[in-house]
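Taking this note's numbering, the leading residue of the sequence shown gets 3, the next gets one more, and so forth.
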Amino acid sequence: MRYGNKLLFLIAIILLCGFTILQPKTVDDFKLKNTDGEWISLKNYPNAKGFIIVFTCNHCPFAKQYPERLNALSKKYKALDIPLIAISSTDTLMYAEDTYDNMIETAKQHHFDFPYLQDDTQSVGKKFGAQKTPHAFVIWKENNLWSIKYNGAIDDNGGEPTKVIHDYISDAVNSLLEGKKVAVTETKSIGCQIHYRN
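As structure tokens, then:
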């Protein structure tokens with residue numbers, strides 16, 4: 003196979019494998035502005051064993067079904083040193099509903115029990131490989147690195163929370179707290195596509 007054909011074959015394989023092959027295994031710290039005006043990074047939580055990071059937004063109908071569940075997750079796990087952090091990486095030029103001022107109103111309206119950070123450059127969303135809203139990640143501290151242990155949907159029923167069978171986030175975090183391997187490490191996030199400017 004000639005070099006050019008080999009290169010085309012490799013590109014085709016990467017495109018077919020898609021998101022999974024591009025998903026990072028570890029992530030770096032970041033520093034983003036919260037809706038209360040404070041700048042938040044993972045270093046704000048020196049005792050954290052891990053984090054639940056959820057990429058969400060204001061405008062997406064699917065994301066709008068999760069504020070109560072996010073508050074519940076935050077209350078359940080922050081006492082166990084697993085804080086929840088929500089991040090909006092949405093392009094505000096496309097969706098005016100996702101501007102910083104509107105994020106402030108959303109946090110107040112739903113009494114968010116967790117930071118809601120604006121990723122205005124979209125750099126953090128890109129580094130995580132966040133695709134949809136909501137797209138959730140569980141990261142865990144290993145050898146001073148933040149390893150991604152789960153990414154995908156929050157649970158298996160966005161529209162009807164009473165009919166949820168698999169709480170993917172809770173299952174992952176509970177396994178990690180018990181020193182076990184996460185059984186389901188990746189699912190498909192369902193919601194509105196995050197459009198990256200470049």
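No residue lacks a Cβ here, since even glycine has one placed at the ideal position from N, Cα and C.
Keep in mind it's a predicted model, so treat the numbers as computed, not measured.
One Cα belongs to residue 55, the other to residue 194, and the distance between them is close to 17 Å. When secondary structure is reduced to three states using DSSP, residue 120 falls in the strand class. Of all alpha-carbon atoms in 52, 48 and 77, the one lying nearest the alpha-carbon of residue 144 is that of 52. One alpha carbon belongs to residue 128, the other to residue 29, and they sit about 11 Å apart. In this structure, DSSP gives residue 162 a state outside helix and strand, which the three-state scheme calls coil. Looking at the DSSP output, residue 154 bridges to 138.
Scanning the segment 20-106 from its first residue to its last, the whole beta strand (DSSP E) runs of 3-plus residues come out as 33-36, 41-43, 52-57 and 86-90.
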